[in-house]
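Protein chains in written order, with this note's numbering: chain A, 3 to 253; chain B, 16 to 267.
Everything on this sheet refers to the single structure shown next.
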Amino acid sequence: MSMRDRLRTMGLGAFGLLLVIVSWEVIGRNQLLGRTFPALSDVLATIVDPARRGLFQRALEATIGSALRGFVFGSIIGFAMAALGVIFPPLRAGLDRLAAVMHAVPLIALGPFLIVTLSREGTPTAIATLAVVFNVFVATSAGLRVGNPLHHDVLTVLGAGSWERFRRLELPGALPFIADGLKLAAPAAVIGAILGEWFGAPRGIGIVIVSSLQNYQIDLLWSAALLGAMLSLVAFGAFSVLERWVVGRFR
Amino acid sequence: MTAALGGARTFASRYWGVLGILAIWQVYVSTQNLNSIVVPSPTAVFADVLTEPGAYLPHVWSTTWVAFVGLCVGVTLGIAVAVLSWLSPLLSGIVTPPAMVFRSVPVVAMIPVIARLLGYDIRTVLAITVIISFFPSFVFTLSGLRDLPAGSADVFSVLGSSRLTYLRRLALPSAVPNLLVAIRLSAANCVLAALVAEFLMGTQGLGYLFVRTRSEMDMARSWGAALVATVLSVSAFVLAARLEQWGRERWR
């Protein structure tokens, strides 16, 4: 792409984003969609309002904590399940079905159960974990299966055991796929944590969203939702960078 | 006899994980001596679904209908915007970056905002399923429309065909497999998002049945609603995957 084309693309894109921001402001300012659609400037003012700083800070800390824990646990479980399928191939079909069914269980149905069996604090982490497991499992098992059979045979002939082969061939080959899975899992962890908080976690973005919904605090509702959306965008962005690096390094 | 045994073995090798979870659930309930208000046993849940399907059917119908209509509208809008963007590079340049940003917004977590905006009724549930299915079908269709064999545009223009003919004869058919991938990705999500919306707003459908029966302490039915919802979202996924496979063979 030439320099001119690139500038044109960037200019048009910036114009598109600006258009969204301006229409949000105009619609909100003139209440074209009613009182429940606030102007962007009001939402941003609520976010930076010093009186709310403590609330948002505590909420963000709780949600980020749950999302991070869920991301780590979920990645480990998803990776272990996929590795199990490679090491014991007869288990593979059952693991695939299990992951698909787990993914299809509505997370909201698990919330009330987890609150009783785990705790109010633990539920967001548990739901984030479940949301992550599926993404990491699917990506890792796809990645572990792409290994070139020829390389596989070469390593075997040279006397590599199945562990050595896993470490030197299958795992490096799967890394770009795993990075892609982690990229999708990162926002899933944030959504899982927010959903998990709806069931009565002591604090978090999800709780701010639900309580401001019920108390008709429109600016607060949109601020919390915007923060949640930003959080999942940042998580996605960070892991996109990681993915690009891994793909460049290991492909 | 051997055939039946073989069938059972195949079934076990495919579903040992799911059966294992059900077994752990049953054992957990019976050994912990939990009150059925906390967790009903899987047998009680299955029994309720099988003996009183009439209590579930209207809700199954409502959720399925909303998810299906939302999927259709969202996919149609996605195709329309993708085609418009394909026809006009200017529009595509303006629309694509905001679409990428909105695509990464966690729609399910935004349901409270949409509910406040549109009101607590079925239109909100529909709007959410439309949004869920719009972005994948827009992104995938557009990439399918653009991913054509090099030189094919020249062949068409040499033969004197208009850009619309080119779109109808080559670009659209070649984008069908991509679109079907988008439908496979969205179908189950539409069902799940409809459930969350129904759960939160309590209008009708399986999500509503889940909350209402919970507040009435009818736990077998509440979990039954979750079970039926799981079956529904798995079926949506399987159907969409079948459709994709069929389309892949038909439009290759």
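Note that beta-carbon positions come from the ideal geometry of N, C-alpha and C, so glycine has one too.
7 Å Cβ cutoff, residue i in contact with chain A
{"i": "B/I129", "result": "no"}
{"i": "B/A241", "result": "yes"}
{"i": "B/L99", "result": "no"}
{"i": "B/Y30", "result": "yes"}
{"i": "B/I15", "result": "Residue 15 of chain B lies beyond the range of chain B shown here (16 to 267); nothing can be said about it."}
{"i": "B/T271", "result": "As shown, chain B starts at 16 and ends at 267. That puts residue 271 of chain B outside it, with no answer to give."}
{"i": "B/S248", "result": "yes"}
{"i": "B/S51", "result": "no"}
{"i": "B/A244", "result": "yes"}
{"i": "B/L210", "result": "yes"}
{"i": "B/A256", "result": "no"}
{"i": "B/A124", "result": "yes"}
{"i": "B/L37", "result": "no"}
{"i": "B/F153", "result": "no"}
{"i": "B/S176", "result": "no"}
{"i": "B/P57", "result": "no"}
{"i": "B/F214", "result": "yes"}
{"i": "B/V120", "result": "yes"}
{"i": "B/P164", "result": "no"}
{"i": "B/L72", "result": "no"}
{"i": "B/L132", "result": "yes"}
{"i": "B/L86", "result": "no"}
C-beta atoms of residue i and residue j nearer than 7 Å
{"i": "B/P112", "j": "A/L228", "result": "no"}
{"i": "B/V211", "j": "B/V123", "result": "yes"}
{"i": "A/A64", "j": "A/G230", "result": "no"}
{"i": "B/S119", "j": "B/L157", "result": "no"}
{"i": "B/V81", "j": "B/L141", "result": "yes"}
{"i": "B/S77", "j": "B/Q260", "result": "no"}
{"i": "B/W31", "j": "B/P57", "result": "no"}
{"i": "A/A187", "j": "A/V134", "result": "yes"}
{"i": "A/K185", "j": "A/E245", "result": "yes"}
{"i": "A/I220", "j": "A/T38", "result": "yes"}
{"i": "B/A347", "j": "B/A197", "result": "Outside the displayed span of chain B (16 to 267) sits residue 347 of chain B, for which this structure offers no information."}
{"i": "B/R29", "j": "A/G96", "result": "yes"}
{"i": "A/G72", "j": "A/G194", "result": "yes"}
{"i": "B/L224", "j": "B/H74", "result": "yes"}
{"i": "B/F153", "j": "B/A97", "result": "yes"}
With 16 other Cβ atoms within 10 Å as the buried cut-off, status of residue i
{"i": "A/P114", "result": "buried"}
{"i": "B/R229", "result": "buried"}
{"i": "B/V48", "result": "The residue asked about is misnamed: residue 48 of chain B is Asn in this sequence, not Val. Exposed is the call here."}
{"i": "A/E172", "result": "buried"}
{"i": "A/A106", "result": "buried"}
{"i": "B/G222", "result": "buried"}
{"i": "B/E213", "result": "buried"}
{"i": "B/N193", "result": "buried"}
{"i": "A/S43", "result": "exposed"}
{"i": "B/S45", "result": "exposed"}
{"i": "B/L215", "result": "buried"}
{"i": "A/Y218", "result": "exposed"}
7 Å Cβ cutoff, residue i in contact with chain B
{"i": "A/A111", "result": "yes"}
{"i": "A/F139", "result": "no"}
{"i": "A/L100", "result": "yes"}
{"i": "A/F90", "result": "no"}
{"i": "A/I78", "result": "no"}
{"i": "A/A106", "result": "yes"}
{"i": "A/V28", "result": "no"}
{"i": "A/T11", "result": "yes"}
{"i": "A/F81", "result": "no"}
{"i": "A/F39", "result": "yes"}
{"i": "A/S143", "result": "no"}
{"i": "A/G15", "result": "yes"}
{"i": "A/I180", "result": "no"}
{"i": "A/G67", "result": "no"}
{"i": "A/I209", "result": "no"}
{"i": "A/S234", "result": "yes"}
{"i": "A/I265", "result": "Outside the shown range of chain A, which is 3 to 253, sits residue 265 of chain A, and nothing can be said about it."}
{"i": "A/G56", "result": "no"}
{"i": "A/V134", "result": "no"}
Rounded Cβ spacing between residue i and residue j (contact assumed at less than 8 Å)
{"i": "B/L200", "j": "B/P151", "result": "5 Å"}
{"i": "A/A53", "j": "A/V210", "result": "Not confirmed; about 14 Å, so no contact."}
{"i": "A/G198", "j": "A/S68", "result": "7 Å"}
{"i": "B/F146", "j": "A/L21", "result": "Position check: residue 146 of chain B holds Ile in this sequence, whereas Phe was assumed. With a Cβ gap of about 19 Å, B/I146 and A/L21 do not count as contacting."}
{"i": "A/L222", "j": "B/R131", "result": "Not confirmed; about 11 Å, so no contact."}
{"i": "A/F136", "j": "A/M104", "result": "6 Å"}
{"i": "A/F201", "j": "A/I117", "result": "5 Å"}
Proximity test, residue i beta-carbon vs the ligand MN heavy atom, cut-off 6 Å
{"i": "A/L186", "result": "Looking for the ligand MN in the displayed structure turns up nothing, as the structure carries no ligands at all."}
7 Å Cβ cut-off: residues of chain E touching residue i
{"i": "A/G96", "result": "Here chain E cannot be found, since the structure's protein chains are A and B."}
Inter-stretch contact (C-beta, 8 Å, three-pair minimum) for the stretch 70-88 of chain B and the stretch 245-259 of chain B: yes
Between the stretch 144-156 of chain A and the stretch 178-198 of chain A, are three or more C-beta pairs nearer than 8 Å? yes
Three or more C-beta pairs below 8 Å linking the stretch 92-105 of chain B and the stretch 159-166 of chain A: no
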